[in-house]
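For reference, the structure is listed below as C-alpha cells.
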Amino acid sequence: MSFYRERRVRRPLRPDRLPHDVPGRPFTDGWEPIMERRRGYRHKSIAGQPLHPETQMMSYGYDPQLSEGAVKVPIFQTSTFVFKTAEEGKEFFEIAYGLREKRPHEQPGLIYSRINNPDLQVLEERLTLWDRAESGLVFSSGMSAISTSLLTCLKPGDVLVHSDPLYGGTEYLIEKILPRFGVSAVSFPAGHSTRTVEHAVQEAAARGRVGAILIETPANPTNGLVDVAACAKAARTLDGQPGGRPLVAVDNTFLGPLWQHPLEQHADLVLYSLTKYAGGHSDLIAGACLGPEEHIAPIRVLRTILGTMTDPHTGWLLLRSLETLKLRMTCSMKNARMVAEFLADHPKVRQVHYLGFLAKGDPQYDIFQRQCQSAGSTFSFEIHGGEAEAFRLLNALQVVRLAVSLGGTESLMQHPASMTHSDVSPDKQRRLGITPAMLRISVGVEHPGDLIADLGQALAQI
Ligand SMILES: Cc1ncc(COP(=O)(O)O)c(C=O)c1O
Numbered sequence: 414m415s416f417y418r419e420r421r422v423r424r425p426l427r428p429d430r431l432p433h434d435v436p437g438r439p440f441t442d443g444w445e446p447i448m449e450r451r452r453g454y455r456h457k458s459i460a461g462q463p464l465h466p467e468t469q470m471m472s473y474g475y476d477p478q479l480s481e482g483a484v485k486v487p488i489f490q491t492s493t494f495v496f497k498t499a500e501e502g503k504e505f506f507e508i509a510y511g512l513r514e515k516r517p518h519e520q521p522g523l524i525y526s527r528i529n530n531p532d533l534q535v536l537e538e539r540l541t542l543w544d545r546a547e548s549g550l551v552f553s554s555g556m557s558a559i560s561t562s563l564l565t566c567l568k569p570g571d572v573l574v575h576s577d578p579l580y581g582g583t584e585y586l587i588e589k590i591l592p593r594f595g596v597s598a599v600s601f602p603a604g605h606s607t608r609t610v611e612h613a614v615q616e617a618a619a620r621g622r623v624g625a626i627l628i629e630t631p632a633n634p635t636n637g638l639v640d641v642a643a644c645a646k647a648a649r650t651l652d653g654q655p656g657g658r659p660l661v662a663v664d665n666t667f668l669g670p671l672w673q674h675p676l677e678q679h680a681d682l683v684l685y686s687l688t689k690y691a692g693g694h695s696d697l698i699a700g701a702c703l704g705p706e707e708h709i710a711p712i713r714v715l716r717t718i719l720g721t722m723t724d725p726h727t728g729w730l731l732l733r734s735l736e737t738l739k740l741r742m743t744c745s746m747k748n749a750r751m752v753a754e755f756l757a758d759h760p761k762v763r764q765v766h767y768l769g770f771l772a773k774g775d776p777q778y779d780i781f782q783r784q785c786q787s788a789g790s791t792f793s794f795e796i797h798g799g800e801a802e803a804f805r806l807l808n809a810l811q812v813v814r815l816a817v818s819l820g821g822t823e824s825l826m827q828h829p830a831s832m833t834h835s836d837v838s839p840d841k842q843r844r845l846g847i848t849p850a851m852l853r854i855s856v857g858v859e860h861p862g863d864l865i866a867d868l869g870q871a872l873a874q875i
C-alpha cells in the first residue's frame with residue numbers, strides 16, 4: 414500500500430518512526446526487515462513458511478496504525494488528496510506522469526482518485542497474491558478491464574486472435590467496435606487441438622501485425638477449454654514481428670482466481686470480471702487485469718486517461734469479499750459437483766457440460782489436468798427439447814434465481830441463446846454449440862439438497 418504509507422508518514426519525526434519513512438531521507442536496506450516485523454502489512458511468510466492468500470486477505474498491504482487502528486481499510490471516499498506543499502505536489506506529478514525516473518525506493522504519492530486511491534491500491538495488492546502476479550489494476554467492470562487492456566495492446570492495422578465463444582460483451586467489442594479502429598480478428602474454437610491455435614495465429618500473421626491473443630477458458634457458456642501454454646508458445650513464434658510478439662491475455666473469470674492461474678501457464682495478462690466470484694455477492698460491478706509490471710504499466714496509463722478505474726466504495730466491497738473468497742468458491746465447487754451429478758442422471762437432461770466429467774483420453778481432459786485445480790461451479794447443460802422447455806424450466810425455479818451473471822452466493826440460471834449470447838448470430842451459435850435447449854447454471858452456497866429439490870421440481874414441469 415505504498416501511496417497510502419507515503420502520505421500518512423508526513424508528520425514530525427517521532428522517535429519510533431523508521432528512518433526511511435521520513436521523506437527525503439535515504440533508504441537503508443537494513444531497515445526493511447525491521448519495518449516488515451513492526452508493521453507486518455506485507456508478510457509473505459511466517460517462520461520461513463509461506464503464507465496462503467486466504468490468510469493474507471485479512472491484512473496484506475494495510476497498516477491499521479495509519480488509520481487510527483481500524484482493523485478494516487476505511488473507505489477513502491474522496492476525489493482528491495491534499496498536498497502538504499507545492500513541491501510535494503510537483504514531485505507526485507513528476508512520478509505519476511513519468512516526467513522523471515523514480516529515485517531509489519521513492520514511492521508515488523496520492524494525487525486524485527482517477528490516478529490512485531488507497532482502497533484500490535490495497536485491493537490491487539491483495540488480488541495479485543492469488544495469481545502470484547507482480548502488478549494489478551482494478552477497473553469499473555470486467556468489460557472496462559478487457560477493453561482498456563486490449564486498446565493498450567492494439568493499434569490500427571493489427572489483427573487480434575481470440576478463442577470462441579467469448580462472453581457476449583467481449584464478442585461485441587471485437588466484432589462491432591474494434592473494426593472501427595482498424596483492428597480485425599481471427600478466431601479459433603475453444604475445445605479444439607493446439608494445431609487450431611497455431612493455424613489461427615499463422616492466418617492472422619499473414620494479414621498483419623498480431624496485436625494480442627485473447628482467450629476465455631473455460632469458455633462461456635460451453636466450458637470448452639483453451640490450452641494457455643499452447644497459446645503462449647504460438648505467440649512466441651511471432652517474436653520477430655514489428656513491436657514484438659503479441660501478449661496472451663486470459664479471461665479467467667470462470668475459474669479464477671482460485672482454480673486456474675494462467676500466469677503460471679505463461680500467459681502475459683490475466684483478466685477478470687470481479688463482478689463474479691471475486692465480488693461474490695451479486696452487489697457490485699468491477700474488473701481487473703494482472704500481470705508483470707512491464708505489461709501493466711501502459712495499461713495503467715490508459716486506465717488513467719479513459720477513467721476506467723473503479724471507485725473507492727466498490728474497492729472496499731471487494732476487499733470485504735476477498736476475505737471469504739476461498740470459503741465461497743470451495744463451497745460452490747462442492748455443491749456444483751452434486752448438482753451436476755443429479756442433472757447427469759436425470760432423464761430430461763440430454764448433456765451436462767461440467768468439467769469434472771471430462772474423461773481420460775479426451776484432449777480436453779489433459780488440458781484440464783494441466784491447467785485447472787477444480788471444475789468450478791458454473792456450467793451449462795442441455796435438456797431434451799428446445800427453447801420452450803428451457804423457458805418452462807426457468808419459469809418454474811423457486812430457489813435458483815432466473816438471472817444472468819455468475820459467481821454469487823446465490824445460484825443463478827439463464828438461457829445463453831436468448832440472453833447472454835443473444836448477440837451471437839444463430840449460425841454462429843449453432844457452430845459454437847449454444848443450442849436453444851442449453852441452460853447455464855452458476856451454483857451458489859445454498860444447501861445442495863435444496864438446490865437439487867428445486868431443479869427436480871422444475872424439471873418435472875417441462
Ligand atoms: C467471462 C466473462 N468475462 C467478462 C465479463 C464482463 O464482466 P462485467 O459484467 O463485470 O463487465 C463477463 C460477464 O458476464 C463474463 O462472464
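Residue numbering for the sequence shown is 414 to 875, as defined by this note's numbering. Backbone N, C-alpha and C define an ideal beta-carbon position, used for all residues, glycine too.
Pairing I796 with A850 gives a Cβ-Cβ distance under 7 Å. Secondary structure note for F794: its beta strand (DSSP E) is the uninterrupted segment T791 to I796. In this structure, S745 places its C-beta atom within 7 Å of the C-beta atom of S790. The closest CA to that of F489, considering only P725, L738, I854 and M742, is found on P725.
With respect to the 7 Å criterion, S606 and I712 are not classified as neighbours on the basis of their beta carbons. The three-state reading of DSSP puts E519 in coil, since its state is none of H, G, I, E or B. Put simply, the backbone Cα of F494 is about 24 Å away from that of L540. If only uninterrupted beta strand (DSSP E) runs of at least 3 residues are considered, those enclosed by the region 719-785 are 762-766. By the neighbour-count criterion, in which a residue is buried when 16 or more other Cβ atoms sit within 10 angstroms of its Cβ, M470 is buried.
Secondary structure note for F505: it is in no beta strand (DSSP E), and the uninterrupted alpha helix (DSSP H) holding it is A499 to A509.
Unbroken beta strand (DSSP E) stretches of 3 residues or longer found wholly inside the region 643-719: 660-664, 682-686 and 700-704, given in chain order.
Across the structure, C702 and G624 are spaced so that their CA atoms are roughly 17 Å apart. Taking the CA atoms as reference points, A801 sits about 20 Å from T635.
Remark: the shortest separation between the CB of M556 and any heavy atom of ligand 1 falls under 6 Å. Between L567 and V596, the gap from beta carbon to beta carbon is short of 7 Å. For the pair L671 and M751, the CB atoms are not nearer than the 7 Å cut-off. When Cβ pairs closer than 8 Å are counted between the two stretches, the region 573-589 is seen not to touch the region 541-552, the count staying below three. Cα atoms of D640 and K646: separation of roughly 10 Å, rounded to the nearest angstrom. In terms of Cβ geometry, G704 and S734 do not form a close pair [threshold 7 Å].
Residue range M851 to S855 is occupied by the beta strand (DSSP E) that includes M851. Taking 6 Å as the cut-off, the C-beta of G656 does not count as close to any heavy atom of ligand 1.
Taking 6 Å as the cut-off, the C-beta of Y580 counts as close to a heavy atom of ligand 1. With a cutoff of 6 Å, D664 counts as near ligand 1, since its C-beta is closer than that to a heavy atom of the ligand.
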